[in-house]
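I have placed the structure first, in the form of structure tokens, so that the comments after it can refer back to it.
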Amino acid sequence: MDYIKNFIDFLTSYGGAPTISFTLLTVAFPFIFPPTDWFDKKNKEWGVYKLWSNKGGLLIFILITLFFVVGYFDPYFNLTMTKPDNIPIILMIYSMFFAVWYGMKKAYLNDERLDRGEKPEEWNDPDDKVLVWPDLVYIELIALILFMVFLIVWSILIAAPLEEPANPASTPNPSKAPWYFLGLQEMLVYFDPWIAGIIFPMFIIIGMMAIPYMDINKKGDGYYSFKERRISYFIFMYGWLVLWVFLIVIGTFFRGPNWNFFGPFEWWDPHKLVPLTNVNLSEYVWVKLLNKGLPPNILIRESVGFAATIGYMFIMPLLLAKTKLKHIYEHYGPVRYATLMLFGLTMVALPIKMYLRWMFNLKYIIAIPEWFFNI
């Protein structure tokens with residue numbers, strides 16, 4: 050069992066960052082939610098689609114439960130796992146996997162029905178109607194009562210995550226936000242507050258609001274279907290599971306004293322020192338590559354960063370519209386295409402910046418502290 054724990058710690062904190070675990074998750078993701086025919090073929094060959102069967106759901110439930118049972122009896126993981134503020138994360142993991150499994154199961158069942166020329170499971174005869182009262186209201190009332198009982202039992206058995214009054218002479222180490230903000234707190238490691246705390250949350254909300262207006266695929270409306278919306282499934286699931294839920298898991302179980310990375314079964318040593326020196330892109334170019342000092346002119350100093358950012362956000366979408374994504378541009382039109390690329394490239398910028406920090410200690414692509422402008 051110790052070998053398994055050490056292996057998990059290795060995957061999650063080797064080199065002072067969860068680079069391996071994040072990479073494995075990113076590489077495996079298109080095989081789990083295949084966005085193209087090639088990935089779908091491998092998904093069928095390797096039997097990954099069986100995860101969405103009843104046996105697959107039971108296997109996922111057993112693996113998650115086994116992980117938490119082993120963690121409960123581990124002296125170090127138990128300290129993090131049993132904190133009252135972290136209990137909702139465990140419930141979130143169970144409910145999240147159940148929702149994903151159940152949705153994918155219904156989607157695959159509908160795909161099979163559609164392949165046979167049948168109607169999707171959600172299709173109903175327009176004349177077959179169910180009254181809101183009393184049918185729906187009774188179900189909502191029962192659900193409300195059951196959830197109230199659950200909250201009462203929870204409040205009795207588990208202490209509220211309330212601590213003593215803050216002591217200005219003693220700062221908690223690590224000092225963490227509530228679990229529902231840990232994803233944002235993790236983003237703040239890689240971006241300035243104006244990006245991680247304002248731009249990203251705003252883009253998440255506006256992006257989800259824009260989905261119905263950007264969607265031109267009329268298939269899959271009103272019923273579950275993965276086959277008819279593979280790319281949409283893949284993009285949304287990656288943004289939700291990897292770039293949001295996994296960041297919460299990282300901030301909860303992997304971030305320890307001094308905001309260092311630790312494995313879930315590793316002792317949180319407050320004296321652990323990781324020799325890291327974060328360097329801006331301008332320093333890499335002018336000092337390390339060209340062996341010169343930083344130019345006094347701000348625009349010249351950050352010219353490479355400006356070129357990289359403009360090329361990534363503006364020039365690359367134009368080139369893709371003429372080449373690889375020409376069919377998408379023609380179907381979506383210029384406005385929808387520009388909106389899609391804006392939100393998509395902003396989302397992809399997060400894992401890119403995470404890798405640059407983990408692998409090259411790159412702090413900012415554009416660093417202008419004189420103007421409080423850093424990217």
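Residue numbering for the sequence shown follows our numbering, starting at 50 and increasing by one per position.
Ideal Cβ positions, reconstructed from N, Cα and C, are used throughout, including at glycine.
Looking at residue i: is its Cβ nearer than 8 Å to the Cβ of residue j?
i, j, result
"L158", "F295", "no"
"D263", "L389", "One detail in the question is off: residue 263 reads as Met in this sequence, not Asp. Yes, these two residues count as a Cβ contact at 8 Å."
"D177", "N423", "no"
"M50", "W101", "no"
"N222", "N127", "no"
"D89", "F314", "no"
"K394", "M362", "As written in the sequence, residue 394 is Leu, which differs from the Lys given in the question. Cβ atoms of L394 and M362: closer than 8 Å."
"G232", "I297", "yes"
"I57", "G360", "no"
"F310", "F302", "no"
"W316", "A66", "no"
"K402", "Y143", "no"
"Y381", "I265", "yes"
"F392", "G256", "yes"
"F409", "F82", "no"
"G96", "W150", "no"
"Y411", "V328", "It is Leu, not Tyr, that sits at residue 411 in the sequence shown. Going by C-beta atoms, L411 is nearer than 8 Å to V328."
"P210", "P133", "yes"
"I280", "P84", "yes"
Quick one: what's got a C-beta closer than 7 Å to residue i's C-beta in the same chain, skipping five residues either side?
i, result
"L338", "none"
"Y378", "A370, Y386"
"F285", "none"
"L405", "L411"
"G305", "P223, F311, W317"
What residues in its chain sit with their C-beta under 6 Å from that of residue i, if we drop five residues either side in the sequence?
i, result
"R278", "G269"
"L190", "none"
"L237", "A245"
"K321", "N309"
CB-CB under 8 Å to residue i, same chain, minus the five flanking residues each way: which ones, in chain order?
i, result
"E170", "K155, L158, N159, R162, Y272, Y273"
"I139", "F117, M130"
"M145", "L290, V294"
"V336", "G342, L343"
"A259", "T388, F392"
"F59", "I69, G312"
"Y98", "N92, Y157"
"I113", "I142, Y143, F146"
"A398", "Y361"
Which residue from the options puts its Cα closest to that of residue i?
i, options, result
"F71", "N346, A148, L290, V149", "L290"
"W228", "L330, V353, G300, E94", "G300"
"G354", "Y413, T61, A398, E212", "Y413"
"K276", "I417, V397, G64, N92", "N92"
"P400", "T68, V186, M141", "T68"
"A416", "P183, E332, T372", "E332"
"L348", "W420, L180, P79, L193", "W420"
"V76", "I194, L200, I364, Y287", "Y287"
"E235", "V181, L292, V119", "L292"
"V384", "F196, I194, L367, K373", "L367"
"E94", "W182, P214, F80", "F80"
"L253", "M396, T61, F78, K54", "The sequence as given places Ile at residue 253; Leu does not occur at that position. When only C-alpha atoms are compared, the closest one is M396."
"D318", "L180, Y125, A215", "Y125"
"K54", "V119, W243, L200, G166", "V119"
"A356", "L330, F196, I248, F78", "L330"
"A215", "I207, S224, L185", "S224"
DSSP beta-bridge partners for residue i?
i, result
"I417", "F422"
"F310", "R304"
"F411", "Just to set this straight, residue 411 is Leu in the shown sequence, not Phe. Paired residues: V328."
At 4 residues or longer, what runs of the alpha helix (DSSP H) sit wholly inside the stretch 322–394? Whole alpha helix (DSSP H) segments, 4+ residues: 347–350, 352–359, 365–371.
Entirely enclosed alpha helix (DSSP H) segments - the stretch 67–100, minimum 4 residues: Counting whole runs of 4 or more residues, the stretch 67–100 contains the alpha helix (DSSP H) stretches 68–81, 86–94.
#### Entry: Start-end ranges of the alpha helix (DSSP H) lying completely within the stretch 228–295, minimum 4 residues
Fully enclosed alpha helix (DSSP H) runs of 4 or longer: 231–239, 249–263, 279–286.
Could you give the uninterrupted runs of the alpha helix (DSSP H) lying entirely in the stretch 114–158, keeping only those of 4 residues or more?
Complete alpha helix (DSSP H) runs here, min 4: 126–130.
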